[in-house]
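Below is one structure, written out as structure tokens; the observations come after it.
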Amino acid sequence: MDPIEVRLRLTWPGFSLELDERLPGRGVTALFGPSGCGKTTLLRCIAGLERAPQGRLAFQGEVWQDAGTWVPTHRRPLGYVFQEPSLFPHLTVLGNLRFGQRRSPAPGGTAAPSGLDQAVELLGIGPLLERRPERLSGGERQRVGIARALAVNPRILLMDEPLAALDHQRKQEILPYLERLHERLSIPVLYVSHAPDEVARLADHLVVLEAGRVLASGPLQETLARLDLPIRLGEDAGVVLEGRVAERDQRWHLLRVDCAGASLWVRDTGVAIGRQVRVRILARDVSVTLNQAHASSIVNTLPARVAALGEDSHPALALVRLQAGAATVLARVTHRSADLLGLAPGLAVWIQIKAVALL
Amino acid sequence: MLTDADLQSIWLTLRLAGLVTAILFFVGTPMAWWLARTRSRWKGPVGAVVALPLVLPPSVLGFYLLVAMGPNGPVGQLTQALGIGLLPFTFLGLVVASVFYSFPFMVQPLQNAFESMGTRPLEVAATLRASPLDAFFSVALPLAAPGFLTAGILTFAHTVGEFGVVLMIGGNIPGVTRVASVQIYDHVEAMEYGDAHRLAAVMLVFSFLVLLAVYSARPNRPKG
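Respectively, the protein sequence lines represent chains A and B. So for the first sequence, my numbering puts the first residue at 72; every next one is plus one. So for the second sequence, my numbering puts the first residue at 28; every next one is plus one.
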């Protein structure tokens, strides 16, 4: 899939946004950053809801904006999910879904309801179709909002913090649906968020924004493992690994997750064998030893090789990038320990992972 | 009971108010939409002009309209050139004057309704492939329906109740410009207090019912 070209420059009093990026044409790209970093403005510019005075925007070869071109929002083949579901109160759930579907050409040229039916099924809102928006819970409303955006058969889905207005419980209710979208949708998704857990669970590609500029951009796992610019998804540096549930240990209530070249034991959360999952390992939970420690309470011990060393946020601390098979892990150690162990690129070590979070 | 002249004046009043309300739906809606959406520096001045009839004495407004529609006024010259003749002391003249007089009663509730819905529903409509015109009819109008009800009722009722402008522009011609409020004035002038009472009571009850309708139709809680 062709990438999405975004070159924008926009200045408002007290705020500016300037970027020149090529976003991947597939998978979920997270636009991540603190409030006010410009991530929502960027998404609105891509949707045409905001117009940057200078810029060029091209989606899979179609120019949406440049010096002489401006395609208005309603002619861009996109779906948009707002932070508040913003359902039309004068229409039923089905009326809301049909609103966009009626106005958009179906992929085959006929008015096939495929997008709508699929959206209803994906978001599990079949039983809600006849209801009025005011009779729905917050989580249900947002599911309808997402389904409504999908019902137009978009070629790209833009989501502006779709979970931010929901409490923790509602969020947990919707996240599995978003993961299903991630598995089943073939269109690219741009996902604006300031929540680390959502990004770690959903994103394939990460764009980190700060004060209207791109701080880092790249595949999620690579970008999180960068030493020159440790990206803190939340409180701490760490990596996300993708893997498959391979074994269930009934006796100790553990699951074995096989990531690229590394097998990790995690607490059994009831996930089915064979499922694709993600685990997150924080740098502070990884320690490095020269020999395999046999008498240890730590379950996950892996052979690894030091790839690189870098500075951490405090002068006493170092971040070490380690390669365990094909998996990259970050470890936080003191400079004193690094010196004592003689850590250097290429050195074979053992890593002990104190905590692995199944996402 | 009400005399034939009373009934004639009531019928005239209802025709005038109905026509003015219908015209103002078409004229007032674009103006309200513009005032609610524009970022132009003309918003303030235009809004003030629209609101003028709220504070001007009806006789002042009537006087200027009379001058403008008179044989030497710009409107008068135009209507003469078009072969319509002069508007003062005709039903048409009364309609035109009432449109000006009742303009803010149509525009302001509509403007409030459009402003309170914000830009979000229109943005949502745009992301769902609705053109701006489509979004206006399929989203903005339905969401502003309570505002239209209020605006229509207020405009109608206010036109029914006008007196000063009617007297200045329309005079007091039975069946042509003698509306109910003028008829009551005539009764009082002629010391026919009984007749004045009956017609006044009809107006009082009517006004109360109108306001009751407006206040009952207003939702108690904001809709989400």
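Even glycine gets a Cβ: it sits at the ideal position worked out from N, Cα and C. These numbers were taken from a predicted model, which means no experiment stands behind them.
DSSP three-state label for residue 403(A), please.
By 1-based counting over the first sequence, the position of residue 403(A) is 332. In this structure, DSSP gives residue 403(A) an extended state, which the three-state scheme calls strand.
Tell me, which residues are paired with residue 28(B) by DSSP?
If you number the second sequence from 1, residue 28(B) lands on position 1. DSSP output for residue 28(B) lists no bridge partner at all.
For residue 311(A), name the three-state secondary structure that DSSP assigns.
Here residue 311(A) refers to the residue found at position 240 when the first sequence is read from its first residue. Correct three-state label for residue 311(A): strand.
Indicate the three-state DSSP secondary structure (helix, strand or coil) for residue 108(A) in the structure shown.
Within the first sequence, the letter at position 37 stands for residue 108(A). Per DSSP, reduced to three states, the secondary structure at residue 108(A) is coil, with no helix or strand assignment.
Own chain partners of residue 435(A) with C-beta closer than 8 Å, once the 5 adjacent residues on each side are dropped
What the structure shows of chain A is the stretch from 72 to 430, and residue 435(A) is not part of that stretch, so it cannot be assessed.
Identified DSSP bridge partners for residue 151(A)
Looking up residue 151(A) in the first sequence gives position 80. Per DSSP, the beta bridge partners of residue 151(A) are 229(A).
Go to residue 143(B), then tell me how far its alpha helix (DSSP H) extends in each direction, as first and last residue.
Here the question's residue 143(B) lines up with position 116 in the second sequence. Residue 143(B): member of the alpha helix (DSSP H) spanning 118–144, first to last residue.
Of the residues that make up the segment 136–160 of chain B, which ones have a beta carbon closer than 7 Å to any beta carbon in chain A?
Residues of the segment 136–160 of chain B with a C-beta atom less than 7 Å from some C-beta of chain A are 147, 148, 150, 151, 153, 154, 155, 156, 157, 158, listed in chain order.
Nearest candidate by alpha-carbon position, reference residue 261(A), set 155(A), 113(A), 314(A):
As a first step, residue 261(A) is located in the first sequence; it is residue number 190 there, counting from the start. Between residue 261(A) and the set 155(A), 113(A), 314(A), the nearest pair of CA atoms involves 113(A).
According to DSSP, is residue 372(A) helix, strand or coil?
Counted from its first residue, the first sequence places residue 372(A) at position 301. In the structure shown, residue 372(A) adopts extended strand secondary structure according to DSSP, grouped into three states.
By the three-class DSSP mapping on this structure, what secondary structure does residue 249(B) have?
As a first step, residue 249(B) is located in the second sequence; it is residue number 222 there, counting from the start. Only weak support exists for where residue 249(B) lies, its pLDDT of 47 falling under 50; the value from the coordinates is given anyway. Residue 249(B): coil per DSSP, three-state reduction.
To the nearest angstrom, how far is the alpha carbon of residue 26(A) from that of residue 123(A)?
No information on residue 26(A) is available, as it lies outside the stretch 72 to 430 that chain A covers here.
Cβ closer than 7 Å: which chain B residues qualify as neighbours of residue 174(A)?
The residue labelled residue 174(A) in the question sits at position 103 within the first sequence. Neighbours of residue 174(A) on chain B, chain order: 155, 156, 157.
Comparing alpha-carbon positions, which option in 349(A), 406(A), 378(A) lies nearest residue 334(A)?
The count along the first sequence starts at 1 and reaches residue 334(A) at position 263. Nearest of 349(A), 406(A), 378(A) to residue 334(A), Cα basis: 349(A).
Does the CB of residue 173(B) have a neighbour CB from chain A at under 8 Å?
Taking the first residue of the second sequence as position 1, residue 173(B) is located at position 146. No, no contact with chain A.
Against chain B, with Cβ distances strictly below 8 Å, would residue 157(A) count as a contact?
Taking the first residue of the first sequence as 1, we reach residue 157(A) at position 86. Residue 157(A) counts as touching chain B.
Taking its Cβ as the centre, do 16 or more other Cβ atoms sit within 10 Å of residue 180(A), making it buried, or is it exposed?
Along the first sequence, one-based indexing puts residue 180(A) at 109. Residue placement at residue 180(A) cannot be trusted, given a pLDDT of 49 that sits under 50; the coordinates are not used to answer.
Give the single residue among 229(B), 147(B), 242(B), 181(B) whose Cα lies nearest to the Cα of residue 121(A).
Locating residue 121(A) in the first sequence gives position 50, counting from the first residue. Ranking 229(B), 147(B), 242(B), 181(B) by Cα distance to residue 121(A) puts 147(B) first.
If you run the structure through DSSP and keep just helix, strand and coil, what is residue 103(A)?
Residue 103(A) sits at position 32 when you count from the first residue of the first sequence. Strand at residue 103(A).
Residue 167(B) to residue 152(A), Cα distance in whole Å?
Translated into the one-based positions of the second sequence, residue 167(B) becomes position 140. Translated into the one-based positions of the first sequence, residue 152(A) becomes position 81. Looking at the two C-alpha atoms, the distance is approximately 20 Å.
Between residue 427(A) and the rest of its own chain, which residues show a CB-CB distance below 7 Å, the 5 nearest in sequence each way excluded?
The sequence position of residue 427(A) within the first sequence is 356, counting from 1. 335, 337, 350, 352, 371.
Any beta carbon from chain A within less than 8 Å of residue 176(B)'s own beta carbon?
Numbered from 1 along the second sequence, position 149 holds the residue referred to as residue 176(B). Not one chain A Cβ lies under 8 Å of residue 176(B).
Could you run through the segment 61–94 of chain B and flag, in chain order, every residue whose CB is less than 7 Å away from some CB of chain A?
Cβ contacts with chain A: none found.
Tell me which residue opens and which closes the beta strand (DSSP E) that residue 92(A) is part of.
Indexing the first sequence from 1 puts residue 92(A) at position 21. Annotation: the continuous beta strand (DSSP E) that includes residue 92(A) extends over 86–94.
With a CB to CB cut of under 6 Å and the five nearest residues on each side skipped, what residues in its chain are close to residue 187(A)?
To locate residue 187(A), count along the first sequence from 1; it is residue 116. If we look at residue 187(A) and ignore the five residues flanking it on each side, its Cβ neighbours are 168, 172, 222.
How would you call residue 326(A), buried or exposed, if buried means at least 16 neighbouring beta carbons within 10 angstroms?
The residue given as residue 326(A) occupies position 255 in the first sequence. With 16 or more other CB atoms across the displayed protein chains lying within 10 angstroms of its CB, residue 326(A) is buried.
With the cut-off set at 8 Å, would you say residue 36(B) and residue 206(B) are in Cβ contact?
For the purposes of this step, residue 36(B) is taken as the residue at position 9 of the second sequence. For the purposes of this step, residue 206(B) is taken as the residue at position 179 of the second sequence. Yes; because the gap between Cβ atoms is below 8 Å, this pair is in contact.
Less than 8 Å between the beta carbons of residue 354(A) and residue 390(A), yes or no?
Counted from its first residue, the first sequence places residue 354(A) at position 283. Counted from its first residue, the first sequence places residue 390(A) at position 319. It is a contact, given that the beta carbons lie within the stated cut-off.
Residue 144(A) versus chain B: which residues are under 8 Å apart at the beta carbon?
Locating residue 144(A) in the first sequence gives position 73, counting from the first residue. 150, 153, 154, listed in chain order.
Using the rule of at least 16 other Cβ atoms within 10 Å of the residue's Cβ for burial, across every protein chain shown, is residue 419(A) buried or exposed?
To locate residue 419(A), count along the first sequence from 1; it is residue 348. Its Cβ having fewer than 16 others within 10 Å, residue 419(A) is exposed.
Which same chain residues end up closer than 6 Å to residue 46(B) when comparing Cβ atoms and leaving out the 5 residues on each side of it in sequence?
Position 19 of the second sequence holds residue 46(B). The beta carbon of residue 46(B) sits closer than 6 Å to the beta carbons of 122 from its chain, once the five residues preceding and following it are set aside; these are given in chain order.
Please name the residue in 118(A), 299(A), 291(A) whose C-alpha comes closest to that of residue 312(A).
Residue 312(A) sits at position 241 when you count from the first residue of the first sequence. Nearest C-alpha to residue 312(A): 291(A).
Assuming residue 253(A) and residue 273(A) form a contact by the criterion Cβ under 8 Å, report the distance between their Cβ atoms to the nearest whole angstrom.
Walking along the first sequence from the start, residue 253(A) turns up at place 182. Walking along the first sequence from the start, residue 273(A) turns up at place 202. In this structure, residue 253(A) and residue 273(A) form a Cβ contact; the two beta carbons are roughly 6 Å apart against a cut-off of 8 Å.
Skipping 5 residues on each side, what residues in its chain have a beta carbon closer than 8 Å to that of residue 430(A)?
Here residue 430(A) is taken as the residue at index 359 of the first sequence, counted from 1. Short of 8 Å from the beta carbon of residue 430(A), and not among the five residues preceding or following it, lie these beta carbons of its own chain, in chain order: 268, 271, 272, 311, 348, 349, 350, 351.
Is residue 263(A) buried or exposed, if buried means 16 or more other CB atoms sit within 10 Å of its CB?
Mapped onto the first sequence, residue 263(A) falls at position 192. Around the CB of residue 263(A), 16 or more other CB atoms lie within 10 Å, so the residue is classed as buried.
Is the beta carbon of residue 73(B) less than 8 Å from the beta carbon of residue 88(B)?
To locate residue 73(B), count along the second sequence from 1; it is residue 46. To locate residue 88(B), count along the second sequence from 1; it is residue 61. No, Cβ-Cβ distance for residue 73(B) and residue 88(B) is not below 8 Å.
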